[in-house]
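Everything below concerns the one structure shown next.
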Ligand SMILES: [Zn+2]
Ligand SMILES: [Zn+2]
Ligand SMILES: [Zn+2]
Ligand SMILES: [Zn+2]
């Protein structure tokens, strides 16, 4: 049988079948469409303007490693004129994060981007290992997620950047759409498909891989021989999300367009105005200054629970009430340092960058 | 659909027919309504006794139906639909319970006892009731037809209702289309090729029978998902046309809470987010311009959308209803619909409130973008800007990348611009196993309503022909 020609250039031999379109194409065309689709996403949403300082949330995993590589490539190819930084969060998970941070440090060398590492231990006084030792493996993902979100914003403030880009891919977003519907989280459902989110008091965040299939990210890393850390977190995700993820994989196997179709669905609907009006307004946490829908933000609630040994606080309202009934937070309770938005664009101030 | 028999179900004597499992209720096992009797069924952690369960189901059923009987703006005190009633009957649990509730609440003397005086409702709210069954066995070669069995059942149990059988192949049957006075058709057939552009043309020779057309249509669909979705769509649109031909103001389906949650998730997974509201309830008028414009909408309502499959099963059991059972379609495990059903039913065991959370969340959503028309196949709203969106997120040809190509519309003989996102996916989205480039050269005949739409467009184009430049490519 004659070798099959690439469906795009019709010149080279096809060596892969694109999960997203089913087309059989050559390696060069794959690189080209992969990068150009990300570029389309970026330009369509007008994510950047020249001079922007942009931090890439880097975990050492495949998504953020490929993101750093592609961002650097596109910035040079299309002359975005943006300054790129790597921002890593060290959750304090022995055997998982300490190894993956080595990958990030290599990326820093390869892509010559400044790197900042912030640890949960520095920010909150707790590593995830210590959290799990106290609360067990149930709900530990809630802690980790809440802590990471704040940690990225705090790191961005340290780096004085305008914008954080994360490696969330199409599979992640499709999974989140399904999860939010099944959990009835209407507020998140309304915003989870936006490529870019920015509140008044938060740093702009966006997801350039919003339409990029996880499988294609792996393919890209494989063909570009990119160096990434591929171990899953040793603390397994909660069961409910695990069900949703397995379901999505089944859907993708039945019809690969399912992932993009779910995102398309999520973009096509909006939350009714009257429902939106009833939602809680955002305020700032009275203790740490971070945005919050209650007096205390999620991180401060979780932290107070940890410090006072009532772990479920911040997860259920019942536990919160129980702790409140025990009296106010004791004097000398360890709290998170006060959060302030970066000064905004301007002449870059001298900041401490880890160069190790 | 299975009857959803749960451990709590008891027989008419109140004895448990199945092994008892560990309690699933929160506090006590006393009925939450009367606070006297020991409960017989647990519904999402709440306990009901047998005598309180019946009014509970009736209440939910009426709440899901009566607010939608009058045209909006009319006062609600008197239920006054503008036309007749059509009920879609599949033989399954939901539609069996639906028929029983319709009869009990609006066509029997039972309600009068509960209320004072001579209730005018006793005459029935709708003058005429039609029960319509759609035979799907034609799609599968080895599946036996059940029309005769269903006819017998309806005639025995509901003698005052008219029974109307429909076959899935009626969707390709011009004589049937004429009988129900659909839109204009030409002598030969419009057919499409299942390529990415879905090019259509008028066939020179149209000699195939409706059954052959139906089978060719289903043979050329690219996935199991497409087969199942197309069956569901054809059933729904056939029922809507029957309802219209019977001058019905309402078409009722026996979709339970559980089934609705499944179809919402399955619809979303096939890109139908724009039509999330229609999945629960919709008002439909034929989309042809040649109508007299005074046609009133048929309203499709699912009155059991707040009654779970388990409650339906218990209701049917205690009422002693005979459930024929719905035809099972092969290949479910490989379709998005089948996978979703398995997923949701599995989840419901561990997380019993999941299905109601899904339907309540979806009820809080509205469609975001502008509506540009009605889909020529599924008859639901089409969202604008689909072409641009698609070409931006996945590049399928190197020429597409230039801005000029992005702005260009598909060729005028492409069906794409007349279809919603989901129907486009149904006809063009392939599985990872199909060989992608070997595009089918076969032309498949389109459903009669899609053909009528094309004839209608050709007629419009003819009227403005003299003013078009370059053949009038849009
Ligand atoms: Zn090529
Ligand atoms: Zn706080
Ligand atoms: Zn009772
Ligand atoms: Zn459609």
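Residue numbers (our numbering), protein chains in the order written: chain A, 1 to 356; chain B, 1001 to 1474.
From the three backbone atoms N, C-alpha and C, an ideal C-beta is built for every residue, glycine too.
None of these values were measured; they are calculated from a predicted model.
- In chain order, the residues positioned with their C-beta nearer than 6 Å to some heavy atom of ligand 4 are 1375/B, 1377/B, 1378/B, 1380/B, 1419/B, 1420/B, 1422/B and 1423/B.
- Counting the other Cβ atoms within 10 Å of the Cβ of residue 1127/B gives fewer than 16, which makes it exposed.
- Under the DSSP assignment, residue 1191/B falls in the beta strand (DSSP E) whose first and last residues are 1190-1193.
- Secondary structure note for residue 179/A: its alpha helix (DSSP H) is the uninterrupted segment 170-183.
- Here the residues close to ligand 1, judged by CB distance below 7 Å to any of its heavy atoms, are 6/A, 8/A, 9/A, 11/A, 12/A, 25/A, 26/A, 28/A and 29/A in chain order.
- Bridge pairing for residue 1199/B: 1414/B [DSSP].
- In the displayed model, residue 55/A falls within a strand according to three-state DSSP.
- If the five residues before and after residue 1191/B are omitted, its C-beta is found closer than 7 Å to the C-beta atoms of 1200, 1201, 1203, 1443, 1444, 1445 and 1446, all from its own chain and listed in chain order.
- According to the DSSP assignment, residue 1084/B belongs to the beta strand (DSSP E) that extends over 1084-1088.
- The beta-bridge partner set that DSSP reports for residue 1373/B consists of 1382/B.
- Residue 14/A and residue 1277/B have their C-alpha atoms some 43 Å from each other.
- Short note on residue 1048/B: C-beta closer than 7 Å to some heavy atom of ligand 3.
- Closest in C-alpha terms to residue 1227/B, from the list 1161/B, 1177/B, 1257/B and 1139/B, comes 1139/B.
- Close CB contacts of residue 265/A within its chain, under the 8 Å cut and outside five residues either way in sequence, are with 177 (chain order).
- Residue contact with chain A for residue 1208/B: absent (no Cβ-Cβ distance below 8 Å to any residue of chain A).
- Interface with chain A (8 Å Cβ-Cβ cutoff): residue 1136/B is excluded.
- In summary, residue 1045/B is exposed, with fewer than 16 beta-carbon neighbours lying within 10 Å of its beta-carbon over all protein chains present.
- Looking only at 121/A, 167/A and 158/A, the smallest Cα-Cα distance to residue 147/A is reached by 121/A.
- Its Cα nearest to that of residue 1249/B, the residue 1065/B stands out among 1047/B, 1449/B and 1065/B.
- Within 9 Å of the CB of residue 81/A, no CB atom of chain B is found; the nearest one sits about 21 Å away.
- In summary, the residues of the region 1358-1380 of chain B whose CB is separated from some CB of chain A by less than 8 Å are 1358, 1360, 1361, 1362, 1364, 1365, 1366, 1367, 1368 and 1369, in the order they occur in the chain.
- Contact with chain A is absent for residue 1417/B, since none of that chain's Cβ atoms lies less than 8 Å from the residue's Cβ.
- Taking each of 1430/B, 1370/B, 1182/B and 1422/B in turn and checking the Cα distance to residue 1451/B, the smallest one comes out for 1182/B.
- Note: residue 1130/B is bridge-paired with 1086/B and 1162/B in the DSSP secondary-structure output.
- Around the Cβ of residue 338/A, a 10 Å sphere holds fewer than 16 other Cβ atoms; the residue is exposed.
- Taken atom to atom, the span from the alpha-carbon of residue 9/A to that of residue 1422/B is near 29 Å.
- Separation of residue 1414/B and residue 1197/B (C-alpha to C-alpha, rounded to the nearest whole angstrom) is 6 Å.
- If you look at residue 1339/B, you'll find it in the alpha helix (DSSP H) that goes 1336-1350.
- At a cut-off of 8 Å between beta-carbon atoms, residue 37/A makes contact with chain B.
- For chain B, the residues of the region 18-31 of chain A that bring a beta carbon within less than 8 Å of one of its beta carbons are 19, 20, 21, 22, 23, 24 and 29, in chain order.
- Less than 8 Å separates the beta-carbon of residue 128/A from that of residue 235/A.
- When Cβ-Cβ separations below 8 Å define contact, residue 70/A makes no contact with chain B.
- Interface with chain B (8 Å Cβ-Cβ cutoff): residue 8/A is included.
- Contacts with chain B at 8 Å (Cβ-Cβ) do not include residue 191/A.
- Residue 338/A is outside the set of residues whose beta carbon lies under 8 Å from a beta carbon in chain B.
- For residue 256/A, the nearest beta carbon of chain B is closer than 8 Å to its own beta carbon.
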